[in-house]
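Quick note on our numbering: the sequence shown kicks off at 34 and runs consecutively.
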Amino acid sequence: MATALALVPACGVDQDPAPAAAPVVAGDDQELIVADPLAKFAGVQELDSACPSTRNDTLCNALRNGVRAQGAQAASWFEGARAAIAQRIESENREVVVKDSAVRWWLRERSLALQVWNHGTARGSLATDPSQWWKTADAILAKNYPTYAPSSMTLARTWMPPVQKATTACSKAREALLVFP
């Protein structure tokens with residue numbers, strides 16, 4: 034059975050909805066549950082929200098500069114963000130690090146960027162000119178995410194292939210499965 038998601042009036046058909054009426058959502062079991070507006074759940078957090086101007090740590094500075102830059106300069110800033118997160122994971126409680134809004138923004142955007150990279154390079158098997166990557170990325174983004182402007186997804190438009198796994202043995206885990214609740 035397919036999952037159904039529908040917004041229905043919280044009052045009768047002939048009644049005006051109350052100003053504070055919450056929408057009602059139906060699922061597989063067709064049990065109606067009152068929820069906050071769907072937009073709240075479907076909304077994508079902007080970088081300005083994840084990294085407010087009052088936050089001036091290495092990670093947020095690198096993310097803000099990366100979003101403003103293009104090409105190799107953007108990649109350099111984003112590499113700095115990746116390094117800052119890796120350093121935090123090594124030195125801090127991972128649960129706390131992953132709850133950080135800037136880290137969550139990075140994880141979401143990097144996941145999208147890797148999806149676009151894998152699609153555009155056939156998982157690294159196609160030769161691609163890094164200086165022209167943004168054109169390939171824009172085509173993929175426009176096709177798969179038509180409601181978003183490709184230019185708003187800077188990390189996906191930046192040439193940043195996946196980090197190659199180290200060939201030496203180590204005692205620490207190198208991979209993880211991230212689940213976004």
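Don't be surprised by glycine CBs; every beta carbon is placed ideally from N, CA and C.
When we look at the beta-carbon of residue i and count the other beta-carbons within 10 Å, is it buried (16 or more) or exposed?
i: Ala83; result: buried
i: Arg143; result: buried
i: Ser124; result: exposed
i: Arg127; result: exposed
i: Gly60; result: Because the pLDDT at Gly60 is just 45, under 50, the model does not fix this residue reliably, and the point stays unresolved.
Enumerate in chain order the residues of its own chain whose CB-to-CB distance from residue i is below 6 angstroms, with the five nearest sequence positions on each side excluded.
i: Pro183; result: Asp171, Leu174, Ala175
i: Trp11; result: Past the edges of the chain, shown from 34 to 214, lies residue 11, and the structure says nothing about it.
i: Ile122; result: Val130
i: Trp167; result: Arg190
i: Ala72; result: Its pLDDT being 46, under 50, Ala72 is placed unreliably in this model, and the value from its coordinates should be taken loosely. No residues qualify anywhere along the chain.
Rounded to whole angstroms, how far is the Cβ of residue i from the Cβ of residue j, which I believe are closer than 8 angstroms?
i: Ala135; j: Leu188; result: Their Cβ separation, rounded to whole angstroms, is 13 angstroms, which puts Ala135 and Leu188 out of contact at 8 angstroms.
i: Thr169; j: Gly153; result: 4 angstroms
i: Ala114; j: Met193; result: That pair is no contact at about 10 angstroms.
i: Ala119; j: Trp110; result: About 15 angstroms; that fails the 8 angstroms criterion.
i: Leu145; j: Met186; result: 6 angstroms
i: Gly104; j: Ser164; result: 7 angstroms
Apart from the five residues on each side of it in sequence, which residues of its chain come closer than 8 angstroms, Cβ to Cβ, to residue i?
i: Trp138; result: Gln78, Leu80, Ala83, Cys84, Leu96
Nearest CA to the CA of residue i: which residue from the options?
i: Arg88; options: Pro195, Asp133, Ser164, Ser144; result: Asp133
i: Asp90; options: Ala117, Ser185, Ser164; result: Ala117
Using C-beta distances below 7 angstroms, list every residue in its chain close to residue i, excluding the 5 sequence neighbours before and after it, in chain order.
i: Val196; result: none
i: Asp162; result: none
i: Leu159; result: none
i: Asn94; result: none
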